[in-house]
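**Q** Chains as they are written, first to last, in my numbering: chain A, -12 to 1150; chain B, 58 to 291.
Don't be surprised by glycine CBs; every beta carbon is placed ideally from N, CA and C.
Got a structure here, written out as C-alpha cells. Questions coming.
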Amino acid sequence: MRAIHKNIIREISRTRSRFISIMAIVALSVGFFSGVKASSPSMIRTGEGYFTDQHLMDFRLISTVGFDEEDVRALAGLDCVEEVMPSYTSNLVITQKNIDTVVSVLALPQKTDYNQTILNEPIVTEGRLPQKNNECVIDKYFYEKLSQYQIGDTITFNTKVQEKDTLDTVSHLTYTIVGVVQTPMYITYQRGNTNLGSGSISFFIFILPEEFRSERYTCVYAKTRAGSEYPSFWDEAYKNGVKEEAKEIEALSRERIRIFNENTLQEAEDALAKAKKEYADGEREAKESIADGEKKLSDGEKEYYDKVLAGEQKLIDGQKELEEGKQKLEDGKKSYQEGIEQAKKQLAEAQQQYSSGLAEYERGKQEYDAEIEKAEKQLSQAENEYQLQYTIFYSATKPQAESKMSLMKTAIDLAQTVVDGLEEKLAHLDRWLPAGGNARETAAQWQKELEEYQKKIEDYQQQYDEGQRQLQEGEAQLLEAGQQLADARQQLTEKKAEGAAALGEAKIKLDEAESKLTIGRLEYDAAVSSGLLELQEAEKKLQSGEKELEEGKKQLETESAKGLAVIKEGRELLLLGKYQAALKLSEGKDQIREAEKKIDQLKDAKWYIYDRTDNPGYANLEEDAQRVDNVATVFPIFFLLVSVLVCLTTMSRMVEERRTEIGTLKALGYSHPAIARKYFVYAAAAAVLGSLIGAVIGIATLPFIILDTYSMMYTLPKTVLVIPWDCLAFSAGTGILCTCLVAVFACYRELKINPATLMRPKAPKPGKRILLEYLTPIWKRMNFTSKVTARNLFRYKARFCMTVVGVAGCTALIVGGMGLKDSISGIADLQYQELTIYDEIYALTRSETAEKKQYLMAQFHEDHRFRESLLAYQSWTTVQFAHNGEKLALHLVIGENREQFEKMFILRDRSTHMPVELTDEGVVITERLAELSQAGVGDDVRFTIGDDYYTCRVSGITENYAGNFIYMTPALYENVTGKELEYNLVFVQVADSAKQDEHTIAYEWMQKEDIMTVSMINDTLVSIQDMLSSLNVIVLVLIICAGMLAIVVLYNLTNINISERVREIATIKVLGFYNLETANYIYRENMVLTLCGACLGLPIGTVFNAFIMRSIQMDMVMFPQFVGPLSYCLGFGLTILFSLLVNAVMYVKMNRISMVESLKSIE
Amino acid sequence: MKDFVCFENVYKRYQMGEVTINAVDGVSFSIDEGEFAVVVGLSGAGKTTVLNILGGIDQCDEGKILVGGKDISHLGSRDLASYRRYDIGFVFQFYNLIPNLTARENVELATQICRNSMDPDEALDSVGLSERKNNFPSQLSGGEQQRVSIARALAKRPKLLLCDEPTGALDYNTGKTILKLLQTKCSQDGMTVVLITHNSAITPMANRVIRMRSGKVVSNAVNPNPLPIEKIEW
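Rendered as C-alpha cells:
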C-alpha cells in the first residue's frame, strides 16, 4: 500500500468523531428521505400486491333487478372481461342492547362456471372458512378493534329488516363464527353506507352462497383486461383502461335491460292488468254487499223504532190509568178520613155523654154513698152510743146500781141489824151496857146511833129506791133508744134500698150507654180498620200498578237497548265489512301500486357499474400515500443543506489542521489531485458509508413505522417494502457529491497557497471588531467570555450558518410535528365544541306529519336533560364546481328554528370570529367548500336537492373543519325548490348535568317509534381521537429525526470548536479557569447559536407546519393551521435539551484536554 | 523568605509502552522569595516538566512541592486551578494570547478572575504597551505579544512568575528586551521569577541557576552578583 493511502486510512481512524459527524449527517438525510419516500410506494405496492393476490375485481355490478344466468353469461362474453363471479350481498340488522348494527352479509367468493380464480378472495387470519350452512366468517377489522365476538360465538339477525323477513333473504337467522377474514374489498375501516339503522355498515360477514334465497344474483364481480394489463392500480393507464371498459359494460347493460324488459316486464304488466281487473271486480262486489247490508240495517232500524214507539204509547196509557187510580185512592182516602172524623166526633160526643152520665152517676153514687155512709155513721154512732150506754148500763151502771142497791140493801140490812142490835141493846140496855158505861148515856148514845142508823136506813132505802127507779128508768130509756135505733136502721135500710135501687137503675142506664159506646167504638174501629184495609188494598193495587208500569218501562228499555245493540252490531258489522273491504281493496291497491312500482323499477332497471375506486378506502390509500410522499419531499432539501454545511465546516477544519502536511506533500512534489484525493476519499467514504447506513436504517424502519400508523385505518397484509431506488440514488448521490465537492473545494483553497507558507503554522484567523463593539456601553459590561463568544460567532460564518440552520431545522421539525398533532387534534375540539355544538342527532322516522313532528319537538323541549333541541333537515347533496365541473358530496343543513340553530351552528369568520349571518337571500357555505369550489360571497353554487340541481347565491363563508356543509333557511329552501321542507332529524344539546347519562337518554328516546336512530357526537369524537393517536408515531419519528439532526450539528460544531481552540482552552486553564468556566467559554457559543437556531426554528416550524398541513389536505377536512404554545415550548425546550446533551458529552472531552500537551508548541 | 519554592525528591514518570521514562527523576531544589531563578538544561532535560509541575499544570508522581509553605503536590484539580489562578503567573513561549481578544482584553482575561488584580491598563503600561492596548494579537509583533503575555501574568499579582522559554520565539534583541522587563519586575517589585531556558548564556542575569540534565538537578548555584541583561551577550 502506498504511503499516501495508508495516510488516508490512518486519518479516518484517528479522527473518528469528525468522520462520524459527516457520516451521521449524510445518513440522517439519506435515511430520512429514502425512508419516508419508501413509505408511499410501499403502501401502494402492499395494496397492489394484496389486490393482485386476492384477485380483487375490477368491476362490481349491481342491478336494480338483479342478474340472471343470461346476464352473467353475456357479461362473461365481453372481450374485455376475463372472469365473472356472480354473487349475493345483503344488509341485515342485529339488535343488541337496543342498538342496531347493520351487517353486510356477503356470499363467500367461490369458483363458478364463469371464473377460474376466486375473485376478492378473503384471507383467513384466524379459524377457517365456512363449510356448513349456518357458519360464517367475520370481518377482521371489526373483530380486532371492537371485538365483541369470539370464534365459536353466534350472530343472530333480527327476524325482520324493514318489513322484510330476514329468512326471505338468507336461510338462517343465526350463524356461528368459524373464522376471521380480511377482504381486499374493504381496506379501511369504512364498510359503506346503508339506509338501515344508523346509516353505516358496521362489519361484514361471509356465508356460503347457497344460503341466499334470492332467485337472481344480487351482484356480479368482474375482472377485466385492464386489471391484468396494468398491475399498478393507481396508474392513469389503469384508470383509463377501466374507464373504457366501463363503457363497454354499460353498453351491454342497456342491451341486457332491453331484453329483461321484453321478458320480465311484459309478464309483470300482464299480471298487473289482471290484478287491476280483479281489484275492480272485488271493488264492485264489495260495494254491492255493502249497499245490501246498509239497506237491511236501515229496515231493521225502522222496525225497531216502531216497536219502541208502540211500547212507549202503552206505557203512557198505563201511566195515565195509574194516575187516575192514584186520584181515586186519594179521594177514597179523603172520604175515609172524613168518615172517620165524623165517627170520631160522634163517638167522642157519646163518650162525653156517657162520661157525664157516668160522672153524674158517680156523683150521685158518691152522694148516696156519702149520705148512706153518713147515715150509717150516725146510725152506727148512735148504735155505738146506744151499745155503749147499753153496755155501760148493763155492765157498769146497772151492776153498779145493783151493787149499790145491794150495798144499800146490805147497808140497810146492816143498819137494820145495827138498829135491831141497838133496839135490843136499848131494849136490853142493862145487859149490853158496857161495864162502867153510863147506861143512860150509852142508851142515849145507842139511841142516837139507832136513830142515825134508822135515818141511814131510810137514806139507804131511799137511795136504793132511787137506784131502783133509776135502773128502771135507764132500762126503759135503753129500750126506747134501742127502739129508736131499730127504727132508724129500718129507715136507713129502707132508704138504702131505695138509693141502691135508684143507683142500680142509673147504673143500668149507664151500663147501657157504655155498652152502646163500646159498640159504637167497636163499630168505629171496625169501620176504621176496614176503611184502612180498603185503602191499603187500593194503594197496594196502585203500587203494583206502578210496579207494573215500571217493569213495563224497564222492559221497554231493555228491549229497545237490545234492539239498539242489535242495530249497533249490525252497523259495526257493516262498518267492519266496509273496513275489511276497504282494507282488502287498499291491499289490493297497494299490491297493484307495488306491482306498478315494481314495474316502474323494472322499467327503470339499471345496472350500476362500480369500479375499484368505489370501494371504500381504495382512493384514500392513494391519497394517504401521496400525503406521506408530500411530507417526504420537504426533507431532502433541508437535510442536504445541513449536511453540506456540516461537511464544509468539518472538511475546512480538517484541511486547515493538515495544512503543514499539505505543504509538506506539496513540497515533496505530490500533485494537487493526489493531495486532494485524501480529503476527497475521506469525505466520500464518510458520505457513502453514511448513505448506506442511512438508507438501510431509514428504509428498514420508517416505512414500517408509517405503515403501521396507517394500519390503524387500513386492513392490509404484511407490508411489502419497495425500495425507492431513484430517491435513494438521488439523495445518496446528492449527499456524496456535495460532501466530496465541499472537501475538494476546501482542499483546493489551501493548495493554492505555496508550500512554504503552508509549512508555517497558519496564523490564527485574526480577531476582528464586530458591530457590537461600537455599542460601547454594552460591550464594556460584557466579560471576556461574552466578548470572545460574540467575536467568534461572527468569525466563522459557515459554522454559524450550519449550526443555526441545523438547530433551527431541529426546532422546526419538532414544532412542525407537534403542530401537525395540534392542528389535527384541534379539529375535533374546534368543530364539535365551538362550531357545531350538538351532542346527539335523532333521525326521525320518515313520513311523519308536520304536526307529529311539532308534538315530538314539544317533548324534546320538555325533557329537561336537553339544553337545546333543533328540528332540522339534513341530507347529502352534491355540489358541482363551476370552474372545473368536479363534484363534491356534502351535507345540506336547514334548521327549523333560527334561534336554536344559531345556538348549535356557530357561523363565523375564521380569522375575525365575526358572526356570519344566514339570511333568506342566500346560503352559507363552509370554508373548505368555498376553497374547493372557488366560490366567494356573492358567487353562485350549484348543488343537488333530491335529484335536481339548484343554484343559490353564497351569502357567507363560515369557519368549519370536519366535513363540508351548506346552510340554508327553510324559507330559501321552499323558495328555491318550491317544495315543502320535510324535516328529518333533531339535533340536541345534552345538559351538562345529564352528560353522563347520554346513552340512557338516547336509549329512552329510541323507544319512541318516531325516532329511527340516534347518533352521538361523543362516539364520533372517540373514533376520531383513536385515529389521531396514530399521529403520535409520526410526531415521534419527527422528534427523533430532529434530535438526531440537532445532536449531529451541535456535536460537530462543538467538536470543531474544541479542536480548533485547544490552545485557547489550555491557556485559560493555565490562567486558572475552573472546568466549568472553561466549558462555559466554549458552550456559550453553542448556547447562543442554539438559541438563535431555536428562535429561528419557531417561525420556520410554523411555515413547515403549514406546508405539511397543505400537503396532507383532504376534501372533507380543513386542517386549521394551528400550532399550540405547548408545541412551541416543546420545540424550543427539546432543542435546548439536545444542545445540553451534546454539551454534557463534550464536557468530558474538554476536561481531558491536557494543558501540558497543548502548550508545548504550535505544530 | 528562604525556600519560597521547595522541591523535595520529585518524580514524574511517563509510560511509553513497556518502558517507563522518568522525565523528572528525584528533583530537589529550593528557591528563595524575590529571587530570579533560571532553570537551564538541554531539550528533554525535564526542565519544562518541572516548571509545569511547579505551575500546577502538571502533577508529579512522587515527592513534595512547597510553594510559600503550601504543599501543592497533592492538590485536586480544582485546588490546582485555584492555585494557578491566585498564585501563579505564567509566561508562555508562544505567548498563548487569545487571538480574538485585544491586548487589553487578554489582560482582562486574567484580571477578571482574580481578587487582587492590577488594573489592566496599568499592567499594560508597565510593560510599555500603552499605545497598543486595543490591538488584536495578530496586529502585534512577537515581542509585543510576549509583553502582553507578561502583562497578563503580572496583572494577577502572582506570588510566582513562571516563564517557559519566553524568548524562544523571539529575535535576539526582542528577547533581550523581554528578559530585561522580567529582570526589572523581579528586582523592582520583588517578584519571584522562575525562568526556563536552554540558553545557558543568560544564566549570569539570575540570582540562582539550577542546571538540569536527564531529569535530574545537576547543580543549584546562587549567583550573588547577577549581571544586568545589557551586559550579557550570546
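Under a CB-based cut-off of 8 Å, is Lys705 (chain A) close to chain B?
**A** Locating residue 705 (chain A) in the first sequence gives position 718, counting from the first residue. No, no contact with chain B.
**Q** Can you find a CB in chain A that lies within less than 8 Å of the CB of Ser130 (chain B)?
**A** Taking the second sequence and counting its residues from 1, one reaches residue 130 (chain B) at position 73. Not closer than 8 Å to any Cβ of chain A, the Cβ of Ser130 (chain B) fails to qualify, so no.
**Q** Using DSSP's beta-bridge definition, name the partner residues of Val910 (chain A).
**A** Against the first sequence, residue 910 (chain A) aligns to sequence position 923. A:Val941.
**Q** Run the CB neighbour count on Asn250 (chain A), radius 10 Å, all protein chains shown included, and call it buried at 16 or more, exposed below.
**A** Within the first sequence, residue 250 (chain A) is the residue found at index 263, counting from 1. When all chains shown are included, Asn250 (chain A) counts as exposed.
**Q** Does Phe1060 (chain A) come within less than 8 Å of chain B when only Cβ atoms are used?
**A** Locating residue 1060 (chain A) in the first sequence gives position 1073, counting from the first residue. With 8 Å as the cut-off, Phe1060 (chain A) counts as an interface residue toward chain B.
**Q** Closer than 7 Å by beta-carbon distance: list the chain B residues that pair up with Ile765 (chain A), in chain order.
**A** Stepping through the first sequence from its first residue, residue 765 (chain A) is reached at position 778. Per Cβ cutoff of 7 Å: no residues; Ile765 (chain A) is ~15 Å from chain B at best.
**Q** Name the chain B residues whose beta carbon is nearer than 8 Å to that of Met1142 (chain A)?
**A** The count along the first sequence starts at 1 and reaches residue 1142 (chain A) at position 1155. Per Cβ cutoff of 8 Å: Asn109, Ile114 and Asp115.
**Q** Pick out whichever of A:Asp598, A:Trp594, A:Glu70 and A:Ala1029 has its Cα sitting closest to the Cα of Gln103 (chain A).
**A** Numbered from its first residue, the first sequence carries residue 103 (chain A) at position 116. Out of A:Asp598, A:Trp594, A:Glu70 and A:Ala1029, A:Glu70 has the C-alpha closest to the C-alpha of Gln103 (chain A).
**Q** If Phe144 (chain A) sits next to Ile194 (chain A), beta carbons under 8 Å apart, how far is it from one beta carbon to the other, in whole angstroms?
**A** Taking the first residue of the first sequence as 1, we reach residue 144 (chain A) at position 157. Taking the first residue of the first sequence as 1, we reach residue 194 (chain A) at position 207. Actually they are not in contact, since the Cβ atoms of Phe144 (chain A) and Ile194 (chain A) sit about 11 Å apart, beyond 8 Å.
**Q** Report back the beta-carbon spacing between Ile125 (chain A) and Val167 (chain A) to the nearest angstrom; my notes put them in contact at under 8 Å.
**A** For the purposes of this step, residue 125 (chain A) is identified with residue 138 of the first sequence, where counting begins at 1. For the purposes of this step, residue 167 (chain A) is identified with residue 180 of the first sequence, where counting begins at 1. With a Cβ gap of about 6 Å, Ile125 (chain A) and Val167 (chain A) count as contacting.
**Q** Can you give me the Cβ contacts of Ser85 (chain B) inside the same chain, cut-off strictly under 6 Å, excluding the 5 residues immediately before and after it?
**A** The residue labelled residue 85 (chain B) in the question sits at position 28 within the second sequence. Contacts found: Phe64, Glu65 and Asn66.
**Q** Is Glu1150 (chain A) helix, strand or coil by DSSP?
**A** Residue 1150 (chain A) sits at position 1163 when you count from the first residue of the first sequence. Bear in mind that a pLDDT of 45 at Glu1150 (chain A), under 50, signals an unreliable position, so the model cannot answer this.
**Q** Measuring alpha carbon to alpha carbon, tell me which residue in A:Thr2, A:Asp55 and A:Arg212 is nearest Pro68 (chain A).
**A** Residue mapping note: residue 68 (chain A) aligns to position 81 of the first sequence, counting from 1. The residue asked about is misnamed: residue 68 (chain A) is Val in this sequence, not Pro. Relative to Val68 (chain A), the option among A:Thr2, A:Asp55 and A:Arg212 whose CA is nearest is A:Arg212.
**Q** Using alpha carbons as the reference points, say which of A:Trp992, A:Tyr1134, A:Ser74 and A:Asp979 lies closest to Ile1045 (chain A).
**A** Counted from its first residue, the first sequence places residue 1045 (chain A) at position 1058. For Ile1045 (chain A), the nearest C-alpha among the options comes from A:Tyr1134.
**Q** My assumption, with CB atoms under 8 Å, is that Ile235 (chain B) sits in contact with Gly200 (chain B). Please give the rounded CB distance.
**A** Position 178 of the second sequence, counted from the start, is the residue given in the question as residue 235 (chain B). Position 143 of the second sequence, counted from the start, is the residue given in the question as residue 200 (chain B). That belief holds up - the Cβ atoms of Ile235 (chain B) and Gly200 (chain B) are roughly 6 Å apart, short of 8 Å.
**Q** Tell whether a beta-carbon distance below 8 Å holds between Asn779 (chain A) and Glu1072 (chain A).
**A** Start at 1 with the first residue of the first sequence, and residue 779 (chain A) comes out as number 792. Start at 1 with the first residue of the first sequence, and residue 1072 (chain A) comes out as number 1085. Yes, these two residues count as a Cβ contact at 8 Å.
**Q** What would DSSP say about Arg47 (chain A), mapped onto helix, strand or coil?
**A** Along the first sequence, one-based indexing puts residue 47 (chain A) at 60. Strand, per DSSP.
**Q** Taking Glu232 (chain A) as the reference, give the member of A:Thr647, A:Tyr597, A:Asp934 and A:Gln846 with the closest Cα.
**A** Mapped onto the first sequence, residue 232 (chain A) falls at position 245. Of A:Thr647, A:Tyr597, A:Asp934 and A:Gln846, the residue nearest in Cα terms is A:Tyr597.
**Q** Kindly list the residues whose CB is nearer than 8 Å to the CB of Cys171 (chain B), restricted to its own chain and excluding five residues on each side of it in sequence; keep chain order.
**A** Within the second sequence, the letter at position 114 stands for residue 171 (chain B). Excluding residues within five positions, the ones whose Cβ falls inside 8 Å are Arg142, Tyr143, Ala212, Lys213 and Arg214.
**Q** Applying the 10 Å Cβ sphere with the 16-neighbour rule, what's the burial state of Gln329 (chain A)?
**A** Along the first sequence, one-based indexing puts residue 329 (chain A) at 342. When all chains shown are included, Gln329 (chain A) counts as exposed.
**Q** Assuming Cys714 (chain A) and Phe20 (chain A) form a contact by the criterion Cβ under 8 Å, report the distance between their Cβ atoms to the nearest whole angstrom.
**A** Numbered from its first residue, the first sequence carries residue 714 (chain A) at position 727. Numbered from its first residue, the first sequence carries residue 20 (chain A) at position 33. With a Cβ gap of about 6 Å, Cys714 (chain A) and Phe20 (chain A) count as contacting.
**Q** If contacts are defined as beta-carbon pairs under 8 Å, then Val802 (chain A) and Thr1089 (chain A) qualify, I think. What distance do you get, rounded to the angstrom?
**A** As a first step, residue 802 (chain A) is located in the first sequence; it is residue number 815 there, counting from the start. As a first step, residue 1089 (chain A) is located in the first sequence; it is residue number 1102 there, counting from the start. Contact flag correct, Cβ pair sits at about 7 Å.
**Q** Tell me, please, whether the CB atom of Leu762 (chain A) is closer than 8 Å to any CB atom in chain B?
**A** Walking along the first sequence from the start, residue 762 (chain A) turns up at place 775. No Cβ of chain B is located within less than 8 Å of the beta carbon of Leu762 (chain A).
**Q** Closer than 8 Å, Cβ to Cβ, to anything on chain B: give me those residues from the segment 1049 to 1083 of chain A, in chain order.
**A** Arg1050, Glu1051, Ala1053, Thr1054, Ile1055, Lys1056, Val1057, Leu1058, Gly1059, Phe1060, Tyr1061, Asn1062 and Glu1064
**Q** For Pro1086 (chain A), count the other beta carbons within 10 Å of its own beta carbon; 16 or more makes it buried, fewer makes it exposed. Which is it?
**A** Locating residue 1086 (chain A) in the first sequence gives position 1099, counting from the first residue. Label assigned to Pro1086 (chain A): exposed.
**Q** What does the alpha-carbon distance come out to for the pair Ser91 (chain A) and Ala1033 (chain A)?
**A** As a working mapping, residue 91 (chain A) is identified with position 104 in the first sequence. As a working mapping, residue 1033 (chain A) is identified with position 1046 in the first sequence. Roughly 52 Å separates the two Cα atoms.
**Q** Ile1021 (chain A) and Ile693 (chain A): beta carbons closer than 8 Å?
**A** Your numbering for residue 1021 (chain A) matches position 1034 in the first sequence. Your numbering for residue 693 (chain A) matches position 706 in the first sequence. It is a contact, given that the beta carbons lie within the stated cut-off.
**Q** Let me know the secondary structure DSSP gives Ala94 (chain B) once reduced to three states.
**A** Walking along the second sequence from the start, residue 94 (chain B) turns up at place 37. In the structure shown, Ala94 (chain B) sits in a strand (DSSP, three-state: E or B).
**Q** When you compare each of A:Thr832, A:Cys939 and A:Lys331 to Ala513 (chain A) by their alpha carbons, which one comes out closest?
**A** Looking up residue 513 (chain A) in the first sequence gives position 526. Checked all of A:Thr832, A:Cys939 and A:Lys331; the closest Cα to Ala513 (chain A) is A:Lys331.
**Q** From Ile757 (chain A) to Arg161 (chain B), what does the alpha carbon distance come to, in whole angstroms?
**A** Counted from its first residue, the first sequence places residue 757 (chain A) at position 770. Counted from its first residue, the second sequence places residue 161 (chain B) at position 104. When rounded, the distance between both Cα atoms is 16 Å.
**Q** Any Cβ of chain B within less than 8 Å of the Cβ of Leu780 (chain A)?
**A** Mapped onto the first sequence, residue 780 (chain A) falls at position 793. Not one chain B Cβ lies under 8 Å of Leu780 (chain A).
**Q** Beta-carbon within less than 8 Å of Phe6 (chain A)'s beta-carbon, same chain only, minus the 5 sequence neighbours each way: which residues are those?
**A** Stepping through the first sequence from its first residue, residue 6 (chain A) is reached at position 19. Excluding five sequence positions before and after Phe6 (chain A), the CB atoms of its chain that fall closer than 8 Å to its own CB belong to Ile(-1), Tyr669, Ala672 and Ala673, given in chain order.
**Q** Whose CA, out of B:Ser130, B:Tyr152 and B:Ile155, lies closest to the CA of Lys121 (chain B)?
**A** One-based indexing of the second sequence puts residue 121 (chain B) at position 64. Nearest option by C-alpha distance: B:Ser130.
**Q** What is the residue span of the beta strand (DSSP E) that Pro73 (chain A) lies within?
**A** As a first step, residue 73 (chain A) must be located in the first sequence, where it is residue number 86. Pro73 (chain A) -> beta strand (DSSP E) spans Val68 to Ser74.
**Q** What is the rounded straight-line gap between the Cα of Glu290 (chain B) and the Cα of Ala258 (chain B)?
**A** One-based indexing of the second sequence puts residue 290 (chain B) at position 233. One-based indexing of the second sequence puts residue 258 (chain B) at position 201. Roughly 7 Å separates the two Cα atoms.
**Q** Name the chain B residues whose beta carbon is nearer than 7 Å to that of Asn770 (chain A)?
**A** Within the first sequence, the letter at position 783 stands for residue 770 (chain A). Gln169, listed in chain order.
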